[in-house]
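Presented below is the structure to which this report refers.
Residue numbers (our numbering): 25 to 205.
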């Protein structure tokens, strides 16, 4: 007796089709990243991208890393039988359209910001908020100013060091030094 669950790996037809398409999209992404994707593969939407891949590489081409229950071939082909919405058009939000083509645009020598792509479009990824570092309060310099007439340099530096030790650690100074004084 034939059990359909064993043949399909326990997946329903729609779920199996979804996983197949995701595997194919993963393969397209990998090939594009490695620079091995053929030039005629492309599209603005999922179905146009998948259809162009199947047209260029062939309906029977299945990537090697696909699980056995998801593989397609002669007897079980991958079908992308849904069409995109004909009214669907990518629009650049908030940008004034200029008379120049995208290829004719001048290159912009400025450094890109973190959340911009190469074409200048803002990405929808938001940068996590950075924590503000607590800065230590900088106190003005306390000490003696060197006098060139009396040349009290050695005494000035020694007394300035003691003054800074005292002002930074008043309580310790009083507990240890004043008691011995």
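The beta carbon of each residue, even a glycine, is placed where N, CA and C say it ideally should be.
Alpha-carbon spacing of residue 43 relative to residue 56, whole angstroms: Numbered from its first residue, the chain shown carries residue 43 at position 19. Numbered from its first residue, the chain shown carries residue 56 at position 32. Using only the alpha carbons, I get a separation of about 20 Å.
Using the C-alpha atoms, what's the distance from residue 91 back to residue 70? In the chain shown, counting from the first residue as 1, residue 70 sits at position 46. In the chain shown, counting from the first residue as 1, residue 91 sits at position 67. Approximately 21 Å, taken between the alpha carbons.
Along the alpha helix (DSSP H) that carries residue 204, what are the first and last residues, could you check? As a position in the chain shown, residue 204 is number 180, starting the count at 1. Here the alpha helix (DSSP H) through residue 204 covers 194-204.
Supposed close pair residue 40, residue 74 - CB separation, criterion 8 Å: Looking up residue 40 in the chain shown gives position 16. Looking up residue 74 in the chain shown gives position 50. The pair is not a contact, with the Cβ atoms about 15 Å apart (cut-off 8 Å).
Cutoff 7 Å; reference residue 77; Cβ partners in own chain excluding five residues on either side: Here the question's residue 77 lines up with position 53 in the chain shown. Hits under 7 Å: 48, 52, 65.
Using a Cβ-Cβ cut-off of 6 Å (strictly less than) and excluding sequence neighbours within five positions of residue 101, which residues of its own chain qualify? In the chain shown, residue 101 corresponds to position 77, counting from 1. The residues 83, in chain order, have a CB closer than 6 Å to that of residue 101 in the same chain once the five nearest residues on each side in sequence are set aside.
So is residue 106 buried or exposed if we call it buried at 16+ other beta carbons inside 10 Å? In the chain shown, the residue the question calls residue 106 occupies position 82. Residue 106 comes out exposed.
Just curious, the alpha helix (DSSP H) that residue 70 is in, first and last residue? In the chain shown, counting from the first residue as 1, residue 70 sits at position 46. Element bounds for residue 70: 70-81.
Cβ-based burial, residue 86 [other Cβ within 10 Å; buried from 16]: As a first step, residue 86 is located in the chain shown; it is residue number 62 there, counting from the start. Residue 86 comes out buried.
Identify, in the order they occur along the chain, each residue of the same chain with its Cβ nearer than 8 Å to the Cβ of residue 208, setting aside the five sequence neighbours on each side. One cannot answer for residue 208 here, as it falls past the ends of the chain, which runs 25 to 205.
Between residue 81 and residue 62, is the Cβ-Cβ spacing less than 9 Å? In the chain shown, counting from the first residue as 1, residue 81 sits at position 57. In the chain shown, counting from the first residue as 1, residue 62 sits at position 38. Yes, the Cβ-Cβ distance between residue 81 and residue 62 is below 9 Å.
C-beta atoms of residue 159 and residue 108 nearer than 9 Å: On the chain shown, position 135 is the one that residue 159 refers to. On the chain shown, position 84 is the one that residue 108 refers to. Their beta carbons are not under 9 Å apart, which means residue 159 does not touch residue 108 by this criterion.
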